[in-house]
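When you line the sequence shown up against my numbering, it's residues 178 to 507, in that order. Yeah, the Cβ is synthetic: ideal placement off N, Cα and C, and Gly gets one too.
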Amino acid sequence: MLAGLALVLLISGCGQSQGGQSTLHAESDQSRKIMHLWWGMLAAAVVVFAGAIVLLAIAWKRRNREGLPAVGKDENVSTGLVVAFGIVVPVVCLITLFFIADIGVVNATSAPKPGQAQMKMTVVGHQWFWEVRYDGSQAVTANELHIPARTSVNVRLLSADVIHSFWVPELNKKVDMLPGHPNNIELYADRPGVYRGQCAEFCGLQHANMAMAVYVDTPARFRAWLANQARPLAPPAAGDARAGENVFMTQQCASCHTIRGTAARGTIGPDLTHLATRKTLAALTIPNDRANLTRWVADPQSIKPGNKMPGLNLNATQLRQVVSFLEGLR
Ligand code: CUA
Numbered sequence: 178m179l180a181g182l183a184l185v186l187l188i189s190g191c192g193q194s195q196g197g198q199s200t201l202h203a204e205s206d207q208s209r210k211i212m213h214l215w216w217g218m219l220a221a222a223v224v225v226f227a228g229a230i231v232l233l234a235i236a237w238k239r240r241n242r243e244g245l246p247a248v249g250k251d252e253n254v255s256t257g258l259v260v261a262f263g264i265v266v267p268v269v270c271l272i273t274l275f276f277i278a279d280i281g282v283v284n285a286t287s288a289p290k291p292g293q294a295q296m297k298m299t300v301v302g303h304q305w306f307w308e309v310r311y312d313g314s315q316a317v318t319a320n321e322l323h324i325p326a327r328t329s330v331n332v333r334l335l336s337a338d339v340i341h342s343f344w345v346p347e348l349n350k351k352v353d354m355l356p357g358h359p360n361n362i363e364l365y366a367d368r369p370g371v372y373r374g375q376c377a378e379f380c381g382l383q384h385a386n387m388a389m390a391v392y393v394d395t396p397a398r399f400r401a402w403l404a405n406q407a408r409p410l411a412p413p414a415a416g417d418a419r420a421g422e423n424v425f426m427t428q429q430c431a432s433c434h435t436i437r438g439t440a441a442r443g444t445i446g447p448d449l450t451h452l453a454t455r456k457t458l459a460a461l462t463i464p465n466d467r468a469n470l471t472r473w474v475a476d477p478q479s480i481k482p483g484n485k486m487p488g489l490n491l492n493a494t495q496l497r498q499v500v501s502f503l504e505g506l507r
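Put into structure tokens, the structure is as follows:
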């Protein structure tokens, strides 16, 4: 009874798409194949489990009744049950699942063949953020990647340090990001929406806070977004933002971050050229608003301990100015 209740709760939890990250809420052909395989495996496991419980109950009942080992006809029945449920059923189940999973689902969820994809991009895993680049564009962003709906996108997966794993459950399977060995995955979404992804390979202290969001836009909105992301910085005219740019360039910020169109060319942290267009900071750890941005710049270690950004000990004026500058990066 309790186990049944736990199973129902577990499955209903998987099925709800909270924040758009559920294997059971498929939004592409690839993830639908994975979902159907999962349901099929669950059904097979339930049948096998129920069969085992029935056999156990039969054995228990007989032993209670007789207290003696089976003989004659009983022995033949017992041997038949063992052969059927111990050998025939598992062999049939495993071979069927092998053909469905390894031949059907693996092929259907593989990266597109050369020339088949309509668009190419690269995602690089870092401790602990995702660097996102678009082939044929200057655009570089982080953690929030945009793709057009109903478009086959071939994503090249790389790592800058340790092994990460790229996983957007509603769109496709998980694929490891290995240092020195590029992998590929296809992203394709049926319709516009936001789909959450999560690093699925333990990669250090902030592995759990290495999330991403895939924004699926209409093709027209995507083109407009990409054109804006490709532009270099439009320098702030005056005021706090102008002073903040100076703080950014003269303090340590510029040695770790790139802002295209300026002298800041660091590659340790995310590209910040259009930081203000992102909804979140620190790989979806906090919302991107003035209060959180200020907290983050003032003391990044208190929000995401172990990350590579040091506290810079800016005074209150410098902090206000640099935040105003960052807020203008649209
Ligand atoms: Cu990156 Cu776990």
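In terms of Cα proximity to Ala-366, the closest of Leu-201, Gln-198, Thr-200, Ser-205 is Ser-205. Three or more beta-carbon pairs separated by less than 8 Å link the region 314-330 to the region 282-299, which places the two stretches in contact.
Note on geometry: alpha-carbon atoms of Gly-197 and Val-259 lie some 45 Å from one another. Ile-445 and Cys-433 have their alpha carbons spaced roughly 5 Å apart.
Annotation: the continuous beta strand (DSSP E) that includes Phe-306 extends over 306-311. Here Phe-399 is buried: its Cβ has 16 or more other Cβ atoms, across all protein chains shown, within 10 Å.
The beta carbon of Leu-410 is closer than 8 Å to those of Ile-436, Arg-437, Gly-438, Thr-439, Thr-450, Leu-506 in its chain, skipping five residues each way along the sequence.
Proximity of the region 360-376 to the region 390-406 meets the contact definition, three or more beta-carbon pairs being nearer than 8 Å. Residue state for Glu-422 is assigned as helix, using DSSP reduced to three classes.
Take Lys-485, set aside five residues on each side of it, and the residues of its chain with a beta-carbon closer than 8 Å to its own are Gln-304, Cys-433, Ile-445, Gly-446, in chain order. The beta carbon of Lys-456 lies closer than 8 Å to those of Glu-321, Ala-390, Pro-464, Asn-465 in the same chain, with the five residues before and after it left out.
Val-332 carries a strand assignment under DSSP once its states are collapsed to helix, strand and coil. The Cβ atoms of Pro-359 and Leu-382 lie no closer than 8 Å to each other. Annotation for Phe-343 indicates a beta carbon at 7 Å or more from all heavy atoms of the ligand CUA.
For Gln-375, the enclosing beta strand (DSSP E) begins and ends at 370-375. Of all alpha-carbon atoms in Asn-469, Ile-211, Asn-331, the one lying nearest the alpha-carbon of Leu-274 is that of Ile-211. The closest heavy atom of the ligand CUA lies less than 7 Å from the beta carbon of Phe-379. In terms of Cα proximity to Met-387, the closest of Glu-422, Phe-306, Gly-488 is Phe-306. Contact between Ala-468 and Leu-503 is absent: CB atoms are separated by about 13 Å, not below the 8 Å threshold. In the three-state reduction of the DSSP assignment, Met-387 falls in the coil class. Straight-line spacing of the CA atoms in Gln-406 and Thr-471 works out to 23 Å. Annotation: the continuous beta strand (DSSP E) that includes Val-352 extends over 352-354. Distance between Asp-417 and Ser-314, taken at the CA atoms: about 31 Å. For His-213, the three-state secondary structure derived from DSSP is helix.
In the three-state reduction of the DSSP assignment, Val-301 falls in the strand class, which pools E and B. Ranking Lys-350, Arg-239, Val-474, Gly-443 by CA distance to the CA of Gly-421 puts Val-474 first. Met-354 sits close to Gly-302, with the two beta carbons spaced by under 8 Å. Spanning the alpha carbons of Ala-220 and Phe-226 requires a straight line of approximately 10 Å. For Gly-302, the Cβ falls inside the 7 Å cut-off from some heavy atom of the ligand CUA.
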